[in-house]
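These notes concern the structure reproduced below.
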Amino acid sequence: MQNNRSHLYTLMTVWFFWSFVAASNGILIPLFKEKFTLTQTQAQLVDFAFYAAYFIGSVLYLIFSRIMGGDILNKIGYKNGIVIGLLISAVGTLLFYPAAQTASYNLLLSGLFIVGLGFSLQQTATQPFMIALGPPETGAQRINLGGAVNNLGGTIGPALVSYAIFGSISKDAAANASIEDVKAPYLILGVLFALMALFFWISKLPRIKNDEDVQVSNIVIGLPLAFLVLCVGVAVAFSIEIAITFTFILMCILMIGYMIYSLAGKSGAVQNAGSVLSYPQAVLGMTAIFVYVGVEVTIGSNLGEYLKETENLDSSQISKYVSLFWGSMMIGRWTASIGNFNPSASMKKILTVIVPFIAFAIVLIVNSLYSGDVSDLYPYAACVAVMILAYFASQEKPVRLLLIFTALGAIMSIIGVMTTGKVALFSLISGGLFCSVLWPSIFSLGTAGLGKFTNQGAAFLIMMILGGSIIPVVQGKVADSFGIQESYLLAAGCFVYLFIFGIVVQGVLRKQGIDFDKEVVKGGGKGH
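For the sequence shown, the working numbering begins at 5 and goes up steadily by one.
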């Protein structure tokens with residue numbers, strides 16, 4: 005038990021960097037838009053490059069698994085997968101030097117793409133590793149604990165990268181900044197990736213893997229590869245923007261179609277499964293991850309443009325708001341991680357109230373060090389209070405939590421579109437609070453009952469981080485056409501889809517004799 009806890013803490017360290025880089029994209033987007041004279045759609049290609057790497061990385065994972073005659077992680081182990089992923093990301097940061105030196109937007113995007121490829125392998129290995137360290141029904145709690153560290157990186161990242169690039173929050177700082185200023189922070193990041201790889205290599209993590217012999221079938225590798233080839237073909241024949249729009253429309257059709265199929269009661273117990281795609285929960289989980297990552301990324305990445313148009317701020321002045329969004333993810337995940345420490349019932353209730361405000365205070369302190377006055381963020385405490393009440397109402401049941409938080413996310417997004425000023429701004433930023441605990445819930449539900457196909461299921465779910473590359477660009481296109489504030493209706497629609505997913509996947513799993521909500525009640529909702 006104690007050894008598993010120490011292994012869990014070791015795995016948590018790598019989570020910090022995932023969100024550090026992802027959140028820092030929110031600083032790069034307005035900077036690149038200004039320096040390269042881009043439209044909002046073109047600027048969102050930063051996210052496209054970074055998150056598309058997760059999809060392509062997962063496709064490559066399946067291809068190499070087929071070449072090697074079995075699942076890669078089953079052969080090399082989760083630990084080695086993490087080490088290799090860190091080294092790939094380190095290589096990606098090296099491209100920032102020549103890219104910044106030559107002011108090449110395409111080369112900068114290539115660097116982010118390679119960093120994302122490494123993250124894809126890291127996440128594919130890390131999350132099933134964490135689930136394997138305890139009972140499956142409490143796997144969401146362990147992932148939440150990693151998520152708490154993940155979003156500490158997301159809170160610190162925007163402030164630190166903004167300071168490294170601009171030095172201050174004055175308008176002169178934004179005007180005087182150049183593309184070359186991105187070299188130093190990303191080269192330092194590359195050194196840290198290499199050091200983390202060494203740390204994991206010498207660590208005493210157990211060699212955990214799925215020992216069953218699982219072959220990668222033709223359909224498992226063929227479908228995503230065909231999808232990739234089709235999208236690349238559209239991009240070459242027309243443009244990357246048309247390819248992204250095509251992908252979005254195709255995904256919407258597939259998601260709605262499969263949802264109707266599942267609601268029609270066609271999905272029950274799985275017999276003699278030939279691949280991970282035989283499991284309805286895996287397919288539904290893939291669609292949910294696509295939408296979830298898309299809405300999480302699009303809220304934060306379009307925030308810079310929203311602040312520019314509604315608050316008249318420039319790229320050097322937005323970091324505290326971007327940090328507050330990603331810090332909101334930390335607030336929610338810290339709250340959800342309390343159960344991992346097995347407090348008494350009464351202490352747990354107290355901590356559920358105190359911990360979110362401690363996390364909020366950390367967000368304020370981090371940003372005060374760079375931005376100075378953060379008193380305008382104090383009213384956001386009301387949004388934190390709403391999240392606490394929602395968390396109590398969920399009783400830590402994965403599906404119930406998913407339904408409550410997605411409903412609130414949709415409501416707050418609509419309020420953000422319909423109002424103005426700080427009410428609108430904080431309503432949109434609070435999407436971070438209500439996204440915070442969705443990933444572990446979706447990931448656990450999507451991989452429930454997959455047995456020997458768990459690794460492939462994890463790879464497919466990681467693959468659908470593709471949503472983070474597609475949905476922000478679509479919102480950028482909507483913003484260019486109708487206005488940045490109105491474009492956040494897309495976020496509301498994403499939350500509505502995830503609400504429906506929660507209802508449908510619960511019915512699917514119950515037909516297979518799996519009910520996570522009952523398991524959590526039986527186990528007292530505590531981590532192991």
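Backbone N, C-alpha and C define an ideal beta-carbon position, used for all residues, glycine too.
All of these numbers come straight from a predicted model, not from anything done at the bench.
Measuring only between beta-carbons, confirm whether residue i sits less than 8 Å from chain C.
{"i": "L258", "result": "Included in the structure is just one protein chain, with no chain C present."}
Which residue comes first and which comes last in the alpha helix (DSSP H) that contains residue i?
{"i": "Y265", "result": "244-267"}
{"i": "T410", "result": "402-422"}
{"i": "Y101", "result": "100-105"}
{"i": "P132", "result": "109-135"}
{"i": "L465", "result": "458-467"}
{"i": "A181", "result": "First-last for A181: undefined, no H or E at that position."}
{"i": "P189", "result": "187-206"}
{"i": "P444", "result": "442-451"}
{"i": "I392", "result": "385-398"}
{"i": "Y310", "result": "307-315"}
{"i": "S434", "result": "It is not in any alpha helix (DSSP H) - S434 carries neither H nor E in the DSSP assignment."}
I'd like the list of long-range same chain contacts for residue i, defined as Cβ closer than 6 Å, with 5 residues on each side in sequence excluded.
{"i": "Q479", "result": "T302, N306, S491, L494"}
{"i": "I469", "result": "Y55, Y58, V297"}
{"i": "L406", "result": "S445, G506"}
{"i": "G527", "result": "Any reading at G527 must be qualified, since the residue scores a pLDDT of 40, below 50, and its modelled position is unreliable; the value itself is stated next. The answer is none, since no qualifying residue turns up."}
{"i": "A27", "result": "G158, G161, P162, W330"}
{"i": "G529", "result": "Residue placement at G529 is flagged as unreliable, the pLDDT there being 35, under the threshold of 50; the coordinate-derived value follows with that caveat. Within the same chain, G529 has close Cβ partners G343, E400."}
So, for residue i: in the same chain, excluding its five sequence neighbours on each side, which residues have a beta-carbon less than 7 Å away from its beta-carbon?
{"i": "A411", "result": "F503"}
{"i": "A168", "result": "A188, P189"}
{"i": "M16", "result": "L149, G150, V153"}
Taking only three categories from DSSP, how would you classify residue i?
{"i": "G529", "result": "With a pLDDT of 35 at G529, under the threshold of 50, the modelled position of this residue cannot be trusted; read the value that follows with caution. The answer is coil: DSSP assigns G529 none of H, G, I, E or B."}
{"i": "D484", "result": "helix"}
{"i": "Q516", "result": "coil"}
{"i": "F24", "result": "helix"}
{"i": "M72", "result": "coil"}
{"i": "V378", "result": "coil"}
{"i": "F3", "result": "For residue 3 there is no data in the structure shown, the boundaries of the chain being 5 and 532."}
{"i": "Y283", "result": "coil"}
{"i": "N344", "result": "helix"}
{"i": "S320", "result": "coil"}
{"i": "G138", "result": "coil"}
{"i": "R211", "result": "coil"}
{"i": "F40", "result": "coil"}
{"i": "S491", "result": "helix"}
{"i": "L164", "result": "helix"}
{"i": "G455", "result": "helix"}
{"i": "G151", "result": "helix"}
{"i": "G81", "result": "coil"}
{"i": "G171", "result": "coil"}
Can you check which of these residues, the options, is closest to residue i by C-alpha distance?
{"i": "G453", "options": "G81, V287, L66", "result": "V287"}
{"i": "L98", "options": "Q489, Y65, P189", "result": "P189"}
{"i": "E313", "options": "I475, I358, Q44, I246", "result": "Q44"}
{"i": "F123", "options": "S23, F203, S28", "result": "S23"}
{"i": "H11", "options": "G150, E400, V240", "result": "G150"}
{"i": "V153", "options": "F231, A107, K39, A363", "result": "A363"}
{"i": "V280", "options": "G73, G455, G471, L91", "result": "G455"}
{"i": "A428", "options": "C439, I415, Q516", "result": "I415"}
{"i": "G471", "options": "T251, K481, F486", "result": "T251"}
{"i": "V421", "options": "G511, S350, G497", "result": "G497"}
{"i": "V512", "options": "V482, G487, L449", "result": "L449"}
{"i": "S434", "options": "T451, A462, S93, V390", "result": "V390"}
Excluding sequence positions up to five away, which residues of its chain have a Cβ less than 8 Å from the Cβ of residue i?
{"i": "T423", "result": "S431"}
{"i": "D380", "result": "K426"}
{"i": "V525", "result": "Confidence is the limiting factor: at V525 the pLDDT is only 47, short of 50, which leaves the residue's position unreliable and the question unanswerable from this model."}
If we call anything under 8 Å between Cβ atoms a contact, is residue i one with residue j?
{"i": "G89", "j": "Q126", "result": "yes"}
{"i": "K324", "j": "S375", "result": "yes"}
{"i": "A181", "j": "L35", "result": "yes"}
{"i": "W330", "j": "P162", "result": "yes"}
{"i": "V95", "j": "A201", "result": "no"}
{"i": "S319", "j": "G308", "result": "yes"}
{"i": "K208", "j": "A104", "result": "no"}
{"i": "V357", "j": "I392", "result": "yes"}
{"i": "V388", "j": "I342", "result": "no"}
{"i": "G157", "j": "R146", "result": "no"}
{"i": "Y395", "j": "L328", "result": "no"}
{"i": "L465", "j": "G289", "result": "yes"}
{"i": "A247", "j": "V238", "result": "yes"}
{"i": "F40", "j": "Y109", "result": "yes"}
{"i": "F52", "j": "V299", "result": "no"}
{"i": "L77", "j": "N459", "result": "yes"}
{"i": "L229", "j": "V63", "result": "yes"}
{"i": "A129", "j": "G73", "result": "no"}
{"i": "Y101", "j": "L191", "result": "yes"}
Less than 7 Å between the CB of residue i and some heavy atom of the ligand NAD, yes or no?
{"i": "A47", "result": "Among the components of this structure there are no ligands whatsoever, and the ligand NAD is therefore not found."}
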